[in-house]
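Remarks on the structure that follows.
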Amino acid sequence: MTGIAVQSLGAEDPRRLGGYRLLWRLASGGMGRIYLARPAAGGPLVAVKTLLAHGPVERLDRERFAREVDLARRVDAAYTARVLDADPGAPRPWMAIQYVPAPSLADLVREQGPLAAWAVPSVAAGMVQALMSLHGSGVVHRDVKPQNTLLPLTGPLLIDFGISHAVERTRTSLTLGTVAFTSPEQARGEASTEASDVFSLGATLFHLAVGRPPYREVESSMVLLAHVQGGRLDLTGLPTSLAPLIEPCLAFEPRRRPDLATVLATAVSAPRRGRRWLPVEWTATITAYEAHGRALDADRTATGSAAGGAVAGHAPPRIPVLTDPGEAAVRQERQRRAEEVRRRREAELRRLARNAGAGGEGGTGGTGGSSGTAGWAVAVLLAIALLVWQPWTLTQGASADARSTPSVATTPASTPRGLPFPSERPTPTRTPAPTPTPEAKTGSSTSDTVRPTPTPTPTPTPTRDRTEEAFRAVRQGSCLLLYATGYPGKWNVDVPPGPVRCDTEQAHVQISSVVNGDCPSGNGRTNWRYKTTNLCLTRIFHVGYCVLGKGPSNSLQLGTFTLVDCKATRIPADYDYVLHITGVYRAPADASAANCRRNQNDSTDYRAWLMTDNSVLVCTMFYRNT
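In numbering that gives the first Met the number 0, the protein residues as written are 0 to 625.
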């Protein structure tokens, strides 16, 4: 058992945030970091979350952090990590959260393997009640996943509101969140609703039962995103007994997913095996985390001086020996108390399910009961997990012309952002039944034999060319999630996808015209032809995405219509570089790389490109030489 993943403070870590002395680093990701800390005045451990920034915190990051604090304070603290204190306006924004040592569902599946099918409904019921509480407070979580679901012995807790939003806010960037557990509509950049949380709940439960997300394994996050957007599920391995609970949650259309009351009723009606609610191995892992947390809390050598926190390099204590008599007695008492809490919670869950079945409160917007009756208010709450969002961009190159111009760019190379993927849901075709051949009738004598009636030759039905139909359906002025892969003649899709809003980051080309003849040429323009339909394409660039480049660095060529995962380790053989788009501007007269520099002291090796009749200046910098 690995226990809680805590690390010593590094030289770059602060020693104090607000009124809290930092002791150890608990978790770290692309957007922030969580520390274990203790109030300066003394007291139990708390988790302190802060933003990572090498310079001043950007306004949008500060606003997002403040919104996370507000939403976390709004929801019922019995089902999530309770905010104790926060200062979003501090030079380094921070938030102190009550801490409890417990593994996430991701930790448990990684250490112990999938959860036994008979135990999944109990965990599902606890997650449903937590979501009911959130939705009843007007909050859509938007990032329900195994990493954000903690499992102490008292039952599941939903944490991390880094990308949550109030119900009245329906859109945020796709680049936030974990794609394998994201709803199809959220992956397409559409409105996220309570039904989106239901889908993520189903994906999390599938992972819990099978040990993987509900999609086939693919080589890149971009391909996975395409599967998520198109609802291309792979439910192989799902136990039959769990299909009624999980499969409805994974419906492609939000309106076809059950509300939370229905999911709860299904979960609590599932048969149980004896008195246990978790397998012995899972309980042992949870117990080890809890014991490690007590050891961390008891270690006062890391407190440091009154003016600061722990010194750099102070090692956290290890997991105590669980067979020690003193440790065993403490553990038994804590398990007894947790069992009491859990039994009260189960009774409340069954009451909620009965009320929902009788037409009482329920649905995805129901509160699921107050914290006073829920029986979870005595659960110590924590915030181990942290928003760890990996930037996606897109796969690779395309058949587009590549020109080089002076290099420049603005916007420093911040973490490249992600990109939605298109998907086509294949239309099923039915095989026509064969026409039966009439048999000859036989009478009582040979002279009465009836000759078979010839079968008329059917008139052939013209085969529909769905590709041609898709091309002809494209309209001038529409925008598409379309890009070149970097392999000769290969786009990311075989037929034109449906249109997207031109003012969103999903729009990567615009249809300037649909013609039978030739399209205009030039930087930022290309075409896509099928039979007699020719789509004239104009490139749309977005800051934060990555494209492909090739050739010597002093005469670089740009794969204009390509998109690539900024962190890709393999790219098409025709290309040599991954380039990060740092700025997109209306091109000034005599534009050059100098227009991309942030200030006079900016010495970044920018490369600039004039596009669309020299009206658009695109600034790039080298992200990776592959």
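Note that CB positions come from ideal geometry on N, CA and C, so glycine has one too.
What you are looking at is a predicted structure, and each value in this text was computed from that prediction instead of being measured.
{"Asked": "Give me, in chain order, the residues of the same chain whose beta-carbon lies closer than 6 Å to that of residue 276; leave out the 5 immediate sequence neighbours on both sides.", "Found": "121"}
{"Asked": "Between the C-alpha atoms of residue 573 and residue 484, what's the straight-line distance to the nearest angstrom?", "Found": "11 Å"}
{"Asked": "Measuring alpha carbon to alpha carbon, tell me which residue in 581, 586, 14, 235 is nearest residue 33.", "Found": "14"}
{"Asked": "How would you label residue 9, buried or exposed, when you count the other beta carbons within 10 angstroms and need 16 or more for buried?", "Found": "exposed"}
{"Asked": "Using the C-alpha atoms, what's the distance from residue 133 back to residue 556?", "Found": "50 Å"}
{"Asked": "Out of 560, 542, 101, 292, which has the shortest C-alpha to C-alpha gap to residue 479?", "Found": "560"}
{"Asked": "With three or more C-beta pairs closer than 8 Å as the rule, is the region 519–529 touching the region 585–602?", "Found": "no"}
{"Asked": "Is it true that the CB of residue 247 sits closer than 8 Å to the CB of residue 257?", "Found": "yes"}
{"Asked": "Below 8 Å between beta carbons: does that hold for residue 17 and residue 93?", "Found": "yes"}
{"Asked": "For the region 226–235 against the region 258–266, do three or more pairs of beta-carbon atoms, one drawn from each stretch, fall closer than 8 Å, so that the two count as touching?", "Found": "no"}
{"Asked": "On the premise that residue 151 lies in contact with residue 285, defined as a C-beta separation below 8 Å, what is that separation, rounded to the nearest angstrom?", "Found": "7 Å"}
{"Asked": "Starting from the Cα of residue 633, find the closest Cα among 606, 210, 208, 20 and give me that residue.", "Found": "Absent from the model: residue 633. The displayed extent of the chain is 0 to 625, so no value can be given."}
{"Asked": "Going by alpha carbons, who is nearest to residue 604 out of 553, 488, 141?", "Found": "553"}
{"Asked": "By Cβ distance, which residues of its chain are closer than 6 Å to residue 585, with the 5 residues on each side in sequence left out?", "Found": "none"}
{"Asked": "Helix, strand or coil for residue 499? Go by DSSP, reduced to three states.", "Found": "strand"}
{"Asked": "So, under 8 Å CB-CB, residue 508 and residue 475 are touching, yes? Tell me the CB distance rounded to an integer number of Å.", "Found": "13 Å between Cβ atoms; not a contact."}
{"Asked": "Ignore the nearest five residues each way along the sequence and tell me which others in residue 630's own chain have a CB closer than 7 Å to its CB.", "Found": "Absent from the model: residue 630. The displayed extent of the chain is 0 to 625, so no value can be given."}
{"Asked": "Three-state secondary structure (DSSP) at residue 282?", "Found": "helix"}
{"Asked": "Given this structure, state the Cα-to-Cα distance separating residue 295 from residue 79, to the nearest angstrom.", "Found": "22 Å"}
{"Asked": "Helix, strand or coil for residue 205 per DSSP?", "Found": "helix"}
{"Asked": "Is the region 39–54 touching the region 92–109, taking contact as three or more C-beta pairs under 8 Å?", "Found": "yes"}
{"Asked": "In terms of DSSP beta bridges, what is residue 563 paired with?", "Found": "545"}
{"Asked": "Tell me where the alpha helix (DSSP H) around residue 105 begins and ends.", "Found": "104–111"}
{"Asked": "Taking 8 Å as the threshold (C-beta atoms), are residue 143 and residue 199 in contact?", "Found": "yes"}
{"Asked": "Measuring CA to CA, which of 545, 240, 537, 577 is closest to residue 611?", "Found": "537"}
{"Asked": "For the alpha helix (DSSP H) that contains residue 226, what are its first and last residues?", "Found": "220–229"}
{"Asked": "Would you give the residue range spanned by the beta strand (DSSP E) that residue 38 belongs to?", "Found": "31–38"}
{"Asked": "Would you kindly work out how many angstroms separate the C-alpha atoms of residue 103 and residue 463, rounded to a whole number?", "Found": "50 Å"}
{"Asked": "Please report the distance separating the alpha-carbon of residue 577 from that of residue 543.", "Found": "12 Å"}
{"Asked": "Tell me the residue span of the beta strand (DSSP E) that contains residue 579.", "Found": "576–585"}
{"Asked": "Which two residues bound the contiguous alpha helix (DSSP H) that contains residue 85?", "Found": "First-last for residue 85: 82–86, but that is the beta strand (DSSP E), not the alpha helix (DSSP H)."}
{"Asked": "The alpha helix (DSSP H) with residue 185 in it runs from where to where?", "Found": "183–186"}
{"Asked": "At which residues does the alpha helix (DSSP H) containing residue 245 begin and terminate?", "Found": "242–245"}
{"Asked": "Per DSSP, which one or two residues make a beta bridge with residue 20?", "Found": "15, 37"}
{"Asked": "Please state if the CB of residue 534 and the CB of residue 473 are separated by a distance shorter than 8 Å.", "Found": "yes"}
{"Asked": "For residue 615, which residues of its own chain have a beta-carbon under 8 Å away from its beta-carbon, when the five flanking residues on both sides are left out?", "Found": "523, 540, 583, 584, 585, 586, 609"}
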